[in-house]
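Data first, discussion second: the structure below is written as structure tokens.
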Amino acid sequence: MMFGRGLVETSDNFGSQGAQPTHPELLDWLACELVGRALLPVSSSDAASTPATNDAPAISENATGKSARPTNSLKRLHRLLMSSTVYRQSSRRSANANSMDMDGSLYSRFPVRRLEAEIVRDRSLAIAGRLNNTLFGQPVEVMEDFAGQVHVKDDSPRRSLYIQARRTKPVSLLAAFDAPVMTLNCDRRPSSTVAPQSLMLMNGDFLLAQADHLAKRVRAETPNDLDRSLTEPLAQRYASHAASWQFGYGFAEANAQQVQFNPLPYFTGSAWQGGAALPDPTIGYSILHAAGGHAGNDQQHATIRRWAAPREGVVTITGQLKHPSENGDGVRGRIISSRNGLAGQWEAKTNEVATSSLKVAVQPGDTLDFLTDCRENVTSDSFEWRVRLELADAAGKVIEAWDSAAEFHGPLGTSLPQQVAIAWRLAYGRPATSEELELGSRFVKEQTQLLGTLGQKDDLELMALTNLCQQLLSSNEFLYVD
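First residue of the sequence shown: 1432, per our numbering; consecutive thereafter.
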């Protein structure tokens, strides 16, 4: 069965009712190799020079004084088969071989084999960085969910070898990929290609969870210098969606036509600010986080959330500016376009005001600055200001959207193409070609844009990267052995 099928089709019936072997001479030869070699005499020099190993004990002398080979060794036969030229063949077809061996019964090529059900699950866990290789122990229980799907209890990442085998409750994922039915003896494992397999890969909770873990692993483990020769030409074209946002402080000129922007230098892990301690000796209380922030000490240190336009269009801005404290004199929020100047201005004190229904025309590279200042004094000037931007084309169709809270980020390290490259390496064990890298980067970029137009408020790029990882885990290259 190393070659996808046995020499005898009915491996559970070698009698007269069973099928005849497809290669009787080969079967006889293998039988002689397994049994006959154990009966062949060997010389004393062979016996003395043959060391003992775990799978082949040393040759010894029998009661008659003649050297005898060890008993039948399946390990030796496996080694013989797996080191053969036939086993090490490629699965590529050729016109000449196809003319004589269309179905592969003459072993002119190695058959493409799909991974067994347990290996599909274990490989998904391993690539996601979750597989538990602990040996021995109690079996992992299975349970049925509200939809009637049977899965491993508590999403245990232990190897499939340790999953509890219950005849009345076969694990849905394993059953879809032809895991043996335990009501009968399993003489062979068929490999089918049926619709439930695709549905399980597209909609199954297990694979979706592993794709999510893989996407997070990709983000955490992608080195900054990965495949620079391939990824750098694509980095500008497929820039990170979150890279449209910058976080800083500064002030607007008196006519509110220009903004002096300075990046906030220190990231705490959840917020940008002037330094490790607050107030910072130079920048003061200026803070920006996902939901909002805190205004600076004066008009020269207003917090600024800057957005840069990636293309031409009309941006529709919606949002709410909130000042929750009962103390202080409130905050002022302004939106200033680098092309058109002041677009809107609002004040909030112990209340919430809408900063909505603004439409601003932009060209590639234009910026929109969301400034929040302390008005007259800096007492209790924490604020919340979450905005949503929708970029529409000339026909009015929304082509991309941004959410200031969902896309708040720390220092951007690796580029989107680099993340695609590491995902490819983890899933397939090989580097992506330039064409594959471009396709993967374009897929993530377009998915990010689509999710934004659908009103998603989570990390859009992580969701898009998860979708890519799911496609990789569902592909033929992942599921089949060549």
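Ideal Cβ positions, reconstructed from N, Cα and C, are used throughout, including at glycine.
Proximity of residue i and residue j at Cβ, strictly below 9 Å
{"i": "HIS1732", "j": "TYR1680", "result": "yes"}
{"i": "VAL1809", "j": "ALA1726", "result": "yes"}
{"i": "GLY1883", "j": "SER1813", "result": "no"}
{"i": "LEU1773", "j": "GLN1901", "result": "no"}
{"i": "ARG1856", "j": "SER1835", "result": "no"}
{"i": "SER1811", "j": "LEU1632", "result": "no"}
{"i": "ILE1594", "j": "VAL1612", "result": "no"}
{"i": "SER1591", "j": "LEU1605", "result": "yes"}
{"i": "GLN1776", "j": "ILE1766", "result": "yes"}
{"i": "ILE1748", "j": "THR1786", "result": "yes"}
{"i": "SER1504", "j": "LEU1465", "result": "yes"}
{"i": "ASP1913", "j": "SER1442", "result": "no"}
{"i": "LEU1843", "j": "SER1671", "result": "yes"}
{"i": "ALA1858", "j": "LEU1789", "result": "no"}
Of the listed residues the options, nearest to residue i (C-alpha basis)
{"i": "PHE1577", "options": "ASP1636, THR1516, VAL1543, GLY1759", "result": "ASP1636"}
{"i": "LEU1645", "options": "VAL1912, VAL1851, THR1747", "result": "VAL1851"}
{"i": "GLU1743", "options": "LEU1508, LYS1828, LEU1752", "result": "LYS1828"}
{"i": "GLU1838", "options": "ASP1459, THR1749, GLU1892", "result": "GLU1892"}
{"i": "ASP1729", "options": "PHE1682, ALA1740, ASN1771, LYS1753", "result": "PHE1682"}
{"i": "ALA1462", "options": "GLY1437, LEU1508, PHE1445, ASP1443", "result": "LEU1508"}
{"i": "ARG1523", "options": "SER1515, LEU1512, SER1539", "result": "SER1539"}
{"i": "THR1599", "options": "GLU1575, GLN1569, PRO1621, SER1587", "result": "GLU1575"}
{"i": "LEU1881", "options": "ALA1823, LEU1843, ARG1861", "result": "ALA1823"}
{"i": "GLY1860", "options": "GLY1706, GLU1908, ASP1889, ALA1626", "result": "GLU1908"}
{"i": "HIS1582", "options": "ARG1597, GLN1569, GLY1568", "result": "ARG1597"}
{"i": "PHE1692", "options": "ALA1673, ASP1534, GLY1560, ILE1714", "result": "ILE1714"}
{"i": "ALA1651", "options": "PRO1694, TYR1697, ASN1771, GLY1560", "result": "GLY1560"}
{"i": "ALA1526", "options": "ILE1550, TYR1518, GLY1535", "result": "GLY1535"}
{"i": "GLU1549", "options": "VAL1602, PRO1795, GLU1866", "result": "VAL1602"}
{"i": "ASN1758", "options": "THR1662, ASN1529, ASP1711, GLU1807", "result": "GLU1807"}
{"i": "GLN1580", "options": "VAL1551, ILE1558, ASP1553, ASN1634", "result": "ASN1634"}
{"i": "ARG1552", "options": "ALA1708, LEU1638, ASN1655", "result": "LEU1638"}
Cut-off 7 Å between Cβ atoms - residues of its own chain near residue i, not counting five sequence neighbours on either side
{"i": "GLN1628", "result": "ALA1607, PHE1608"}
{"i": "THR1798", "result": "ARG1737, TRP1738, ALA1739, SER1769"}
{"i": "GLN1448", "result": "none"}
{"i": "ASN1485", "result": "Confidence is the limiting factor: at ASN1485 the pLDDT is only 45, short of 50, which leaves the residue's position unreliable, though a coordinate-based value still follows. No residues qualify anywhere along the chain."}
{"i": "LYS1780", "result": "HIS1754, ASP1760, GLY1761"}
{"i": "ASP1532", "result": "SER1539"}
{"i": "SER1476", "result": "With a pLDDT of 48 at SER1476, under the threshold of 50, the predicted position of this residue should be treated as unreliable, and no value is reported."}
{"i": "PHE1698", "result": "GLY1841, PRO1842"}
{"i": "LEU1556", "result": "LEU1562, PRO1588, GLN1641"}
{"i": "GLN1887", "result": "MET1894"}
{"i": "SER1914", "result": "Any answer about residue 1914 is impossible in this case: the structure gives the chain only from 1432 up to 1913."}
{"i": "THR1624", "result": "none"}
{"i": "THR1653", "result": "THR1845, GLN1849, GLN1850, ILE1853"}
Close beta carbons around residue i, own chain, < 8 Å, minus the five adjacent residues each side
{"i": "SER1700", "result": "Sequence inspection shows Gly at residue 1700; the Ser mentioned does not correspond to that position. Within the same chain, GLY1700 has close Cβ partners GLY1841."}
{"i": "LEU1899", "result": "ALA1646, VAL1851, ALA1854, GLY1871, PHE1874, VAL1875, GLN1878"}
{"i": "TYR1911", "result": "VAL1543, ARG1544, ARG1545, LEU1546"}
{"i": "TYR1518", "result": "MET1433, PHE1434, LEU1512, PHE1541"}
{"i": "PHE1801", "result": "ILE1735, ARG1736, ARG1737, TRP1738, GLY1764, ARG1765, ILE1766, TRP1816, VAL1818, SER1835"}
{"i": "SER1480", "result": "Legend: pLDDT at SER1480 = 44, less than 50; position of this residue unreliable, value from coordinates given subsequently. Once the five neighbours on either side are set aside, SER1480 has no close Cβ partner at all."}
{"i": "THR1565", "result": "ARG1589"}
{"i": "GLY1437", "result": "ARG1619"}
{"i": "LEU1657", "result": "THR1845, GLN1849, ALA1852, ILE1853"}
{"i": "ASN1782", "result": "LYS1753, HIS1754"}
{"i": "ALA1528", "result": "SER1539, ARG1540"}
Cβ neighbours of residue i in the same chain (closer than 6 Å, five flanking residues each side left out)
{"i": "ILE1718", "result": "ALA1702, GLN1704, GLY1724, HIS1725"}
{"i": "ALA1895", "result": "VAL1875, GLN1878, THR1879"}
{"i": "GLU1440", "result": "ALA1450"}
{"i": "ALA1832", "result": "GLU1821, GLY1883, THR1884"}
{"i": "VAL1791", "result": "VAL1746, SER1768, ALA1774"}
{"i": "ARG1589", "result": "ASN1563, VAL1571"}
{"i": "THR1897", "result": "ALA1642, ASP1643, ALA1646"}
{"i": "THR1495", "result": "Low confidence applies here, because THR1495 scores a pLDDT of 47, under 50, leaving its location unreliable; read the following figure in that light. Within the same chain, THR1495 has no close Cβ partners at all."}
{"i": "VAL1649", "result": "GLN1850, ILE1853, ALA1854"}
{"i": "GLN1794", "result": "GLU1743"}
{"i": "ASP1804", "result": "ALA1726, GLN1730, ALA1733, ARG1763"}
{"i": "PRO1694", "result": "GLY1679"}
{"i": "ALA1863", "result": "ALA1852, TRP1855"}
Cβ-heavy atom distance, residue i to the ligand GDP, below 8 Å
{"i": "TRP1855", "result": "Looking for the ligand GDP in the displayed structure turns up nothing, as the structure carries no ligands at all."}
Are at least three pairs of beta-carbons, each pair with one atom in the region 1736-1747 and one in the region 1664-1679, less than 8 Å apart? yes
The region 1666-1674 contacting the region 1833-1848, beta-carbon criterion three pairs below 8 Å: yes
Where in the region 1807-1832 do unbroken runs of the beta strand (DSSP E), each at least 3 residues long, occur, reported from the N-terminal end onward? 1813-1823
What are the uninterrupted segments assigned as beta strand (DSSP E) that are 3 or more residues long and contained completely in the region 1628-1709, given in chain order? 1676-1683, 1690-1694, 1702-1704
Go through the region 1770-1800 residue by residue and report every complete run of the beta strand (DSSP E) that reaches 3 residues or more, in order. 1772-1779, 1783-1785, 1789-1793
Mind pulling the beta strand (DSSP E) runs of 3 or more residues that sit fully within the region 1541-1580? 1573-1575
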